[in-house]
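From first to last, the protein sequence lines stand for chains A and B.
Heads up: the first sequence begins at 2 in our numbering, then just goes up one per residue.
Heads up: the second sequence begins at 10 in our numbering, then just goes up one per residue.
Where a beta carbon is used, it is the ideal one built from N, C-alpha and C, also for glycine.
The structure presented is a predicted model; accordingly, all values stated were derived computationally and were not measured.
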Amino acid sequence: MAQATVEAGAAGHGAEPRGKRTEDGQATYLVAIAEALWEEMERDDRVFLLGEDIGVYGGAFKVTEGFIERFGAERVMDTPIAEETIVGMSIGAAMEGLRPVAEFQYADFMTSGFDEIVTAAARYHYRSGVPIPIVLRAPSGGGVRASSFHSENPEPWFSYAPGLKVMCPAFPEDAKGLLKSAVRDDNPCVFLEHKWIYRRIREHVPDDPDFLIPIGRARVRREGDDLSIVTYGMMVHLALEAAEHLEREGISTEVVDLRTIVPLDTQTILSSVEKTSRALVLYESHRFLGTGAEVASVIAEEGFQHLDAPVMRLAPPNVPVPFSPTLEDAYLPQVADIAEAARKLSTW
Amino acid sequence: MATKVSEKQANAEADWRAGLSDDRLRELLYTMTLCRYFDERMEALYRQGRLPGAIYSGRGQEGTHVGVTVALRHDDSLFPTHRDLSAQLTKGLDLKRVMAQFWGRIDGYTRGRDGNSHIGDWRGNKTWTVMSHLPIAYPPAAGAALAYKRRGEPRVAMAICGDGSTSNGRWHEALNVSAIHRLPVVWVVNNNQYAYSTPNQLEMPVPTIAERASAYGMPGVRVEGKDVLEVYRVAHEAVERARSGGGPSLIESISLRWRGHAGHDPAKYVPKELLDEYVQNKDPVKRFQQLLVDKGVVDDEEIKRVEERVHQDFEAGYEFAQSSPFPVGDDVTKGLWVEDGYWSGEPSREGGTG
């Protein structure tokens with residue numbers, strides 16, 4: 002991969018997304034997402050982007066910087082600040098054969114388009130047999146001192162609406178491969194990009210234009226024997242760091258990255274628990290009825306015979322995401338909290 | 010672009026047939042008669058406890074529903090609401106399958122996955138499958154129109170909602186975005202004067218809905234829904250303007266909701282004098298029948314024959330619905346995802362899919 006150049010993702014068309022790989026060919030999570038969009042737009046002219054300030058400005062996080070020059074204003078469509086209409090227009094365009102990818106500036110603002118997402122997009126196919134191939138991209142998650150309205154983890158809301166596929170990748174490679182799969186999927190997909198990861202995590206990412214990560218498959222990110230941490234998104238990175246500490250203490254930790262929330266890969270979760278007999282479910286959505294509540298239920302119900310300890314959950318409390326560093330750090334599970342929970346679980 | 014009351018209404022005598030041939034007028038007669046009879050009979054069945062679920066009568070509004078929909082071509086798309094069965098039938102939906110839908114059967118348009126007038130037929134008649142949250146289909150109509158414009162197709166999207174929906178943000182969002190991009194879409198408001206029980210004056214501070222069009226830089230027309238041909242004339246102009254690249258329009262068609270919001274609602278909040286005026290003087294079906302008799306297109310005998318045909322078609326639809334199987338309970342989770350293939354099979358006589 003060392004020879005991968007700054008053109009990676011441009012599929013040899015001369016133009017390129019402005020977000021670039023590093024000299025040695027590594028891509029940040031953000032660049033990997035830009036590459037996925039770029040490649041899919043090159044591959045299929047039915048694919049188009051719409052959202053607020055995604056054109057000349059290049060998007061709130063600059064994911065689509067350089068796109069309008071290559072694909073034009075029709076395929077990189079700046080919209081009014083009207084989230085219901087961004088989603089609704091995507092639905093109608095998809096019904097007529099286009100493949101819209103809508104960007105929200107923050108996942109928090111998906112509530113402003115909620116009805117079109119959970120009522121219209123989610124429920125249309127079940128009742129009609131008409132596919133709604135749309136992708137709704139949104140930066141989610143906390144840890145960047147962005148306070149209550151720019152830090153939300155809304156994946157449980159959308160996971161509760163049957164008919165939506167929901168993805169929360171943690172690594173650049175997964176982000177790229179999953180987003181490309183989402184664009185090619187015939188169902189409505191909610192693709193949540195963790196903003197803490199955007200520029201923080203980089204790695205070598207395949208530049209094969211048909212590189213895909215299948216939707217609905219978890220991945221064991223670290224093998225271990227003593228307990229499983231089942232998690233996703235930013236928490237994967239914290240869990241991996243905690244696992245390093247635990248290793249030095251003689252606790253062997255397996256880390257399962259869900260990658261996709263819906264459909265949930267229960268098989269990989271249960272296989273891991275079968276191996277380790279202990280499960281810590283770690284998540285960044287609220288503890289009460291958050292994503293991990295379902296994961297813990299699956300383990301308790303279907304993996305009970307493998308368990309040597311009760312399923313444990315670690316997640317933020319049920320308050321809005323706070324701003325002050327002392328409060329946000331207390332709100333989000335920290336590496337030390339994860340390690341502490343794992344110790345407790347391993348000695349139960 | 011100033012809002013205008015339809016000037017042509019005054020000149021209706023000059024071209025009373027709105028450019029439609031005798032054959033088209035006879036088709037319209039059948040459709041209007043069917044829509045009225047369907048509405049009345051379904052309500053009767055509901056009151057007898059023979060019809061499950063809900064009904065949302067569009068009686069008295071047929072002039073609006075039929076008039077706007079007749080202006081569409083087969084491959085134009087329609088985005089209606091639950092009160093717009095007359096529009097759906099006009100667009101071409103099959104009465105038999107409509108009735109199977111009401112009884113929750115496999116041959117209904119949603120295969121029992123939804124009920125009543127939550128119907129659509131995208132592949133066949135380019136009609137959106139109705140949802141309750143209004144005007145949820147307004148933004149999707151803009152999206153369909155966006156696709157037509159992008160591909161240079163001479164097609165038009167039409168969305169219908171009631172006066173109640175115009176209070177919702179999406180109504181304004183959709184009009185706004187359609188005007189920005191000059192999308193080929195026609196926005197129809199069936200102003201039947203009541204949002205459930207709330208009258209127009211508690212819904213909006215302006216005298217008409219049509220005048221709101223000027224705020225979005227599009228033509229807005231107000232028309233009387235009592236005259237189906239006048240509604241058609243206005244809709245035809247808007248549809249063809251959209252088709253030829255002239256952008257969106259707003260049509261406000263005035264009628265009165267003769268019945269309650271839904272079957273359970275006696276609508277006692279509607280003043281009797283108002284209802285009487287509409288039923289006696291502004292009945293779009295009777296007026297159209299009378300017009301065709303007066304102009305010599307049909308005679309009373311033919312009116313009767315059309316009514317008999319409608320009765321027979323209704324009975325056939327009813328029988329079809331009753332003999333259609335219920336969907337298999339075990340299929341309840343199927344059809345959620347495209348790849349499970351449920352919708353690619355045809356309904357079987359056992360209630361599954363083959």
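As assigned by DSSP and simplified to three states, the class of residue i
i, result
"residue 68 of chain A", "helix"
"residue 258 of chain A", "strand"
"residue 35 of chain B", "helix"
"residue 26 of chain B", "coil"
"residue 142 of chain B", "coil"
"residue 357 of chain B", "coil"
"residue 209 of chain B", "helix"
"residue 336 of chain A", "helix"
"residue 344 of chain A", "helix"
"residue 49 of chain A", "strand"
"residue 228 of chain A", "strand"
"residue 196 of chain B", "strand"
"residue 260 of chain B", "strand"
"residue 229 of chain B", "strand"
"residue 169 of chain B", "strand"
"residue 299 of chain B", "helix"
"residue 166 of chain A", "strand"
"residue 27 of chain A", "strand"
7 Å Cβ cut-off: residues of chain B touching residue i
i, result
"residue 116 of chain A", "142 and 145"
"residue 163 of chain A", "345"
"residue 269 of chain A", "Correct list: empty, because the minimum Cβ distance to chain B is about 19 Å."
Proximal residues of chain A, C-beta to C-beta of residue i below 8 Å
i, result
"residue 138 of chain B", "125, 128, 129 and 131"
"residue 94 of chain B", "Ordered by position in chain A, no residue passes the 8 Å Cβ test against residue 94 of chain B, which lies about 17 Å from the chain."
"residue 200 of chain B", "Ordered by position in chain A, no residue passes the 8 Å Cβ test against residue 200 of chain B, which lies about 22 Å from the chain."
"residue 131 of chain B", "96, 129 and 131"
Contact set for residue i: own chain, Cβ-Cβ below 7 Å, skip 5 residues either direction
i, result
"residue 34 of chain B", "26, 301 and 306"
"residue 224 of chain A", "255"
"residue 344 of chain B", "122, 351 and 352"
"residue 243 of chain B", "15, 230, 232 and 260"
Chain B contact residues for residue i, given Cβ-Cβ distances below 9 Å
i, result
"residue 187 of chain A", "346, 347 and 348"
"residue 111 of chain A", "Those within 9 Å of residue 111 of chain A in chain B number zero; the least Cβ separation is about 15 Å."
"residue 81 of chain A", "182, 185, 186 and 189"
Residue i versus residue j: straight-line alpha-carbon distance, rounded
i, j, result
"residue 329 of chain A", "residue 322 of chain A", "7 Å"
"residue 267 of chain A", "residue 299 of chain A", "7 Å"
"residue 32 of chain A", "residue 63 of chain A", "10 Å"
"residue 163 of chain B", "residue 153 of chain B", "12 Å"
"residue 345 of chain A", "residue 59 of chain A", "46 Å"
"residue 160 of chain A", "residue 100 of chain B", "36 Å"
"residue 145 of chain B", "residue 233 of chain B", "25 Å"
"residue 335 of chain A", "residue 98 of chain B", "60 Å"
"residue 194 of chain B", "residue 359 of chain B", "41 Å"
"residue 346 of chain B", "residue 81 of chain A", "31 Å"
"residue 204 of chain A", "residue 65 of chain A", "20 Å"
"residue 78 of chain A", "residue 326 of chain B", "46 Å"
"residue 121 of chain B", "residue 76 of chain A", "38 Å"
"residue 269 of chain B", "residue 247 of chain B", "30 Å"
"residue 175 of chain B", "residue 361 of chain B", "40 Å"
"residue 39 of chain B", "residue 315 of chain B", "6 Å"
"residue 127 of chain A", "residue 140 of chain B", "13 Å"
"residue 258 of chain B", "residue 215 of chain A", "44 Å"
"residue 190 of chain A", "residue 167 of chain A", "6 Å"
Other residues of its chain near residue i: CB distance less than 6 Å, five sequence neighbours each side excluded
i, result
"residue 267 of chain B", "68 and 69"
"residue 162 of chain A", "119 and 123"
Residues of its chain near residue i, where Cβ-Cβ distance is below 8 Å and the 5 sequence neighbours each way are ignored
i, result
"residue 159 of chain B", "none"
"residue 309 of chain A", "278, 279 and 349"
"residue 44 of chain B", "67, 71, 74, 75, 94, 95, 98, 99 and 294"
Within 8 Å, strictly: CB atoms of residue i and residue j
i, j, result
"residue 178 of chain A", "residue 213 of chain A", "yes"
"residue 19 of chain A", "residue 93 of chain A", "no"
"residue 88 of chain A", "residue 117 of chain A", "yes"
"residue 51 of chain A", "residue 95 of chain A", "no"
"residue 317 of chain A", "residue 288 of chain A", "yes"
"residue 48 of chain A", "residue 131 of chain A", "no"
"residue 237 of chain A", "residue 222 of chain A", "yes"
Proximal chain B residues relative to residue i, where beta-carbon distance stays under 8 Å
i, result
"residue 92 of chain A", "148, 149 and 152"
"residue 297 of chain A", "Within chain B, no residue comes near residue 297 of chain A; the closest Cβ sits about 23 Å away, beyond 8 Å."
Beta-carbon neighbours of residue i, restricted to chain A and to distances below 7 Å
i, result
"residue 122 of chain B", "127 and 128"
"residue 119 of chain B", "128 and 129"
"residue 352 of chain B", "130"
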